[in-house]
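Each remark here refers to the structure printed beneath this line.
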């Protein structure tokens with residue numbers, strides 16, 4: 001359904017041709033500084049129309065916080081977020097109304113719900129992802145303030161053009177955004193651009209792979225046996241439209257290795273054990289081990305293409321479809337903030353659950369009384385507007 | 001945690017060195033014939049000690065139905081299942097107590113729970129999977145009786161030895177089991193056997209890939225936007241121990257294709273639309289489309305190996321570990337029934353949810369009164385022991 | 001948290017002093033006619049300022065459907081609903097900022113979240129209930145169209161003034177609304193009015209009891225053993241602000257009876273068994289039996305009163321509090337649509353789950369193919385705007 | 001369904017006439033001493049056949065821990081618990097097979113599940129409660145060790161005989177068990193005994209009320225807006241068989257009071273604020289305030305009575321039923337440990353969730369590293385069997 005998470009929980013709404021899209025983020029810890037300025041950047045990175053590579057649909061995608069904060073600080077209550085749909089052109093899809101787009105959601109939505117939206121697949125619209133990205137920005141801020149977590153995704157391949165460099169330890173969003181394809185290797189990125197342009201010219205599309213690293217994850221996250229961290233991360237990623245595959249650490253490549261080569265030997269790193277290699281991708285036994293969590297997500301080529309396709313109508317009559325609407329020849333550059341958001345949502349939820357497990361086993365006196373730490377009996381101080389909010393509760 | 005599913009829901013318990021393992025399966029539809037004989041075959045396929053390729057640990061793994069049936073028919077109440085642990089040898093792992101096994105769960109379990117079980121990783125034991133397999137056998141029977149669903153998994157690669165033949169439409173469990181490796185291509189299987197034997201001799205291990213097909217899935221299963229069918233299948237599969245990757249349909253290979261080549265053109269198939277190709281792997285827009293659901297799961301090489309490994313102890317001192325316990329050089333042959341079970345559990349849950357959606361939109365009179373169909377006012381007939389139970393409710 | 005329900009699921013957001021309140025309703029069956037006009041009436045019944053008996057705070061409380069419908073018909077996707085907060089006067093509560101209101105949520109919210117909202121209790125605001133009421137109106141429409149369910153709540157007591165007449169079988173909302181107190185016995189209602197006025201004059205408050213009947217509930221709703229129908233109804237009702245008690249059927253009075261007097265004897269009623277009496281309140285063994293579901297909810301007197309109270313400040317210093325803000329001397333008249341909404345939400349969720357159980361045990365051919373009933377291969381008909389929407393899918 | 005709780009979560013199985021009953025308790029914090037001896041006492045208090053007042057059915061009800069502990073200490077993994085059914089006499093109920101017992105679950109189970117168990121109501125059997133009581137004993141131990149929580153329930157009325165004394169602050173289980181009725185007022189208890197005996201002689205039954213206090217609850221438990229503490233407590237209690245009503249604090253009586261009399265004035269108590277009176281019953285705004293949590297649960301008279309009842313058969317034919325099986329004339333004495341168990345389960349789950357909220361807002365350094373507190377890099381100490389387990393982790 002449209003809810004993800006147990007304690008840090010997002011519920012989204014909205015499709016292409018309605019008044020707006022958005023979400024409710026429940027379980028956000030209180031006392032965290034939060035304004036629209038924390039959320040908008042990722043929404044803007046997700047927004048179409050950013051470069052010649054993506055769809056021309058123009059949306060401002062300005063988010064509004066409806067609830068859950070006062071004076072720029074979270075209250076611990078649900079945060080409602082809305083983004084209006086400003087550029088609705090339902091007519092665009094009209095010519096496709098009799099022919100389900102091959103490999104799109106038109107047919108299955110039609111079959112499952114017995115209805116057909118103006119845009120065909122309805123909720124299988126890229127605009128659905130706005131709610132995820134907005135919620136993910138909040139999750140990410142919590143993880144960064146609380147643990148110093150850094151999440152960075154990048155385009156590692158488009159079609160058969162693949163970036164080889166290992167950037168797990170050093171990659172930054174700035175470097176990712178330095179090229180419109182969001183592939184941080186400039187030479188490879190230029191080849192990708194050419195390929196995408198070629199597909200656009202051919203009214204065709206192409207797929208790609210997004211890689212993502214989560215650095216500074218706390219140790220101990222993940223809830224075996226069914227909610228192992230790689231399982232909830234896989235669930236999160238495979239819920240993104242157009243995904244066909246997921247890998248953590250060595251992934252499919254690791255199946256070809258011997259155990260003696262694949263095993264990550266331990267070594268002492270500060271107050272914990274670390275590993276020399278990271279074929280595990282930061283997760284062992286379904287639980288984070290403190291090494292970078294490294295994952296890869298496969299995106300198929302977009303289904304909606306201008307090129308003619310020989311298919312059938314809803315009632316089975318042979319037909320030729322040449323889609324006319326706005327559409328991307330390649331979605332992976334725009335998928336970057338979506339992958340980052342889902343990573344943040346899965347991790348924040350696992351972190352809150354583990355905080356509970358952790359706190360539960362501490363001796364009674366180890367957990368400071370809440371009111372002595374963040375909220376003295378006179379609570380005015382907790383909302384002192386003269387101090388930077390970030391400094392108040394989480395640092 | 002240890003529960004999977006919304007309406008068809010399994011909760012498991014048990015690790016290596018306790019009295020037993022098992023599960024509770026809640027939400028099983030009533031009036032379905034069910035005895036231990038429906039469950040035991042998959043448990044026996046999962047059992048170690050079946051061939052020279054697998055661990056020598058000997059377990060009878062006999063399942064007992066504790067509740068939820070009477071006279072061999074399900075009641076609609078939770079089904080409790082237990083399997084005793086008969087071959088507990090905690091001493092085997094004693095020598096490893098100071099050194100966390102590289103890439104095993106020893107360290108992360110220790111960190112997360114603050115404890116260490118006799119077997120090291122505790123719940124990260126292959127015995128944990130017994131509960132899944134038992135529950136999956138029930139889910140599978142429901143799907144088979146209700147929809148004619150067929151689920152077959154097989155070994156498609158071990159190490160770099162890969163089976164090329166496309167068997168999605170024809171593969172059977174009989175053919176899979178005709179070779180101890182469970183690779184249905186005999187020539188390839190022989191090469192796999194040699195490779196596994198080589199790893200065993202070298203006290204090393206090797207990974208592999210399990211492929212799985214779900215045939216005759218009803219159309220319409222999957223709950224966007226977060227519980228798309230590929231997302232819950234990915235969650236299910238990536239919760240299996242030792243998994244590193246998941247693909248549906250074209251998977252990572254599909255990222256290299258153009259949309260015009262990747263799109264599955266529609267064609268009329270009986271009362272629904274089918275597709276000519278199946279790069280979608282049976283799922284479009286997160287919802288099953290009636291084509292075979294095809295997925296692949298990557299298993300890393302087992303972490304526990306006899307070969308010496310230079311690592312450190314829990315307190316960070318350099319050490320050499322050469323594991324002495326019983327262990328498989330390759331887990332994929334035994335993973336077959338586990339993958340099938342998780343596929344069945346994810347699909348049965350999605351099917352129950354969709355039955356609700358479906359029934360909710362039917363005109364009021366379309367859904368026959370329950371008591372007129374399966375339970376007349378005199379209910380004795382529903383439990384008539386002279387008729388084969390399978391014939392009563394579901395066929 | 002802020003989500004209620006498994007398949008028919010509402011998530012709410014919003015407190016007093018933010019931009020707005022609202023909810024997301026997920027799992028609403030598709031193809032149901034739905035516009036704001038279906039939702040607004042219950043919101044208007046909930047709205048303050050309707051009579052001299054309630055608070056003077058003036059809100060338009062106009063709901064907007066953000067998503068989940070097209071052309072006035074539900075799509076099966078989440079329905080986003082928002083209601084702006086138009087009359088925010090945060091200054092009103094300023095004088096109470098040092099003294100937690102006795103029996104209000106000020107202190108516990110402060111302790112739990114470490115923060116304090118402008119309005120004191122933040123989410124413990126009557127405005128939180130707007131999301132429930134809006135969602136409940138949708139649930140109720142589904143239940144009415146699908147099953148003919150009728151839900152009516154009324155004020156059965158205020159203070160020690162109690163209505164004695166049994167109106168379970170005949171009560172209508174029109175009759176309930178015929179008196180501002182929403183007590184359908186005019187003579188008793190007049191006494192209640194006088195009592196509330198007396199409390200208002202004394203700057204005091206008074207509690208009361210809301211009764212509710214659900215007529216035409218389908219048989220078979222409720223999910224033992226933990227989600228018995230009376231348990232989810234109790235959960236739903238006791239989540240409403242200011243509730244202190246819940247009864248179903250005979251309630252506490254039933255504890256004084258002998259079994260022979262309390263048992264509801266069976267009698268044939270059409271195609272099902274009914275009961276002569278209804279001490280069970282429509283639920284037996286945690287499952288609806290087709291008789292009217294009858295429940296009662298106790299509301300305490302509102303905590304915020306103008307009268308002086310000798311209490312202490314947050315830091316424990318003796319103080320006298322005389323609340324100055326707008327506040328109701330009695331909330332039960334406005335609680336009527338809230339109780340109805342929660343009843344509808346609990347019942348709709350149980351109904352969807354039971355539709356799944358029901359459909360799962362039908363013989364394979366008993367459930368008509370979805371596309372043949374509501375969505376022929378040419379789906380245009382399903383959205384024929386020339387037919388009244390209510391007639392299309394559900395009648 | 002058969003699962004209760006979010007982080008501290010019990011799933012139960014079993015009915016009267018199967019091999020056994022039991023449960024899985026997931027989310028139990030690790031490192032807590034736990035053996036069968038912690039669980040058996042409450043099971044024995046629940047067991048029938050303890051006095052002339054209860055049913056003669058004789059069960060040993062010996063619990064076995066199947067998993068989740070080693071050396072008497074919890075591992076953090078799911079705890080499987082089983083209790084065999086030893087005294088199955090299915091024939092006893094045979095004579096009732098054509099006539100649904102009035103006010104019992106026979107008819108609704110039959111309608112919902114389309115089946116009929118040997119015992120009639122199947123899962124609506126008192127034996128279902130064994131799993132709850134066993135799980136509750138574990139929850140209670142966690143709450144006691146971690147917070148010093150004390151939970152005591154007692155019989156406050158049977159029929160119209162009511163105990164008036166206020167024992168909330170002082171009542172102990174020893175005093176409750178000092179009389180077979182479990183009413184701690186000996187004089188009133190004697191009258192109750194006479195009433196129950198009178199009902200037994202008349203082959204009739206009688207209801208009653210169980211009161212329960214939770215002392216030393218931590219402040220801050222409960223998750224608005226839907227999972228307020230009184231809502232989850234109500235859900236928990238109303239899921240117990242035969243319940244018809246729930247009250248917290250002043251309950252229905254509180255509806256007759258003025259706010260000025262009902263409000264609980266604050267006063268400083270140590271490092272928190274307490275209240276002078278406790279009409280709130282320990283919960284304000286849906287969140288525990290540190291005062292004793294006081295609740296009352298109404299139990300109807302048992303439906304199964306020997307006295308003749310004029311009713312109808314399943315197919316609507318007039319019939320007279322005089323039940324012959326073993327049955328209690330009054331269940332409230334045996335309900336005591338069940339109420340205590342459900343209180344513990346609801347509270348433990350709320351406590352784990354709040355530990356997460358609490359820990360999330362602490363400054364980064366406030367939460368000690370887990371491994372430094374309970375598990376040094378050499379973890380052997382954590383399992384030192386020479387120290388009493390209770391002293392290790394939780395005190």
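Protein chains in written order, with the UniProt record's numbering: chain R, 1 to 395; chain H, 1 to 395; chain F, 1 to 395; chain Z, 1 to 395.
For each residue, glycine too, the CB sits at the ideal point set by N, CA and C.
- Burial is judged here by how many other beta carbons sit within 10 angstroms of a residue's own beta carbon; residue 33/Z has at least 16 and is buried.
- The C-beta distance from residue 22/F to residue 8/F rounds to 17 Å, too long to meet the 8 Å contact threshold.
- When the five nearest sequence neighbours on each side are left out, the beta carbons in the same chain lying within less than 6 Å of the beta carbon of residue 336/F are those of 153, 182, in order along the chain.
- Residues of the region 97-115 of chain R with a Cβ closer than 9 Å to any Cβ of chain F, in chain order: 97, 98, 109, 110, 111, 112, 113, 114, 115.
- Pairing residue 115/F with residue 145/R gives a Cβ-Cβ distance that is not under 7 Å.
- Taking C-beta atoms as the reference points, residue 130/Z and residue 24/H fail to come closer than 7 Å.
- Our two residues, residue 149/F and residue 163/Z, have alpha carbons roughly 41 Å apart in a direct line.
- At a beta-carbon threshold of 9 Å, the residues of chain R lying near residue 79/F are 13, ordered along the chain.
- In chain order, 260 make up the part of chain F whose C-beta sits under 7 Å from the C-beta of residue 307/Z.
- 28/H is the residue among 64/H, 28/H, 213/H, 169/H whose C-alpha sits nearest the C-alpha of residue 353/H.
- For residue 33/F, no CB of chain H lies under 7 Å from its own CB, so it is not counted at the interface with that chain.
- With distances taken between CA atoms, residue 321/R lies nearest to 305/R out of 305/R, 315/R, 332/R.
- In the three-state scheme derived from DSSP, where H, G and I count as helix and E and B as strand, residue 114/Z is classed as coil.
- Residue 178/R is classed as exposed because its beta carbon has fewer than 16 other beta carbons within 10 Å across all chains shown.
- A distance below 7 Å separates the beta carbons of residue 222/Z and residue 286/Z.
- Nearest Cα to residue 109/H within the set 6/R, 283/R, 307/R: 283/R.
- DSSP places residue 38/R inside the alpha helix (DSSP H), whose first and last residues are 36-46.
- In the structure shown, residue 349/R falls within a helical segment according to DSSP collapsed to helix, strand and coil.
- The continuous stretches of beta strand (DSSP E) do not include residue 8/F, and DSSP gives it neither H nor E.
- Burial state of residue 201/H is exposed, judged by a 10 Å Cβ sphere holding fewer than 16 other Cβ atoms.
- Rounded to the nearest angstrom, the gap between the Cα atoms of residue 103/Z and residue 17/Z is 21 Å.
- With a 10 Å radius around the Cβ and a threshold of 16 neighbouring Cβ atoms, residue 318/F comes out exposed.
- Listed along the chain, the chain Z residues whose CB falls inside 7 Å of the CB of residue 199/F are 258.
- The CB of residue 359/R comes closer than 8 Å to the CB of 355, 356, 358, 359, 367 in chain Z, given here in chain order.
- If you ignore the 5 residues before and after residue 313/R, its C-beta comes within less than 6 Å of the C-beta of 98, 99, 319, all in its own chain and listed in chain order.
- Any Cβ of chain H closer than 7 Å to the Cβ of residue 75/Z would place that residue at the interface, and such an atom is present.
- According to the DSSP assignment, residue 171/H belongs to no beta strand (DSSP E), since it is labelled neither H nor E.
- Pairing residue 147/Z with residue 252/R, the inter-Cα distance amounts to about 48 Å.
- Boundaries of the alpha helix (DSSP H) around residue 142/H: 129-147.
- Here residue 293/H carries a strand assignment [DSSP, helix/strand/coil].
- Under the Cβ distance rule, residue 19/Z counts among the residues neighbouring chain H, one pair being separated by less than 7 Å.
- At least one CB atom of chain H sits nearer than 7 Å to the CB of residue 235/R.
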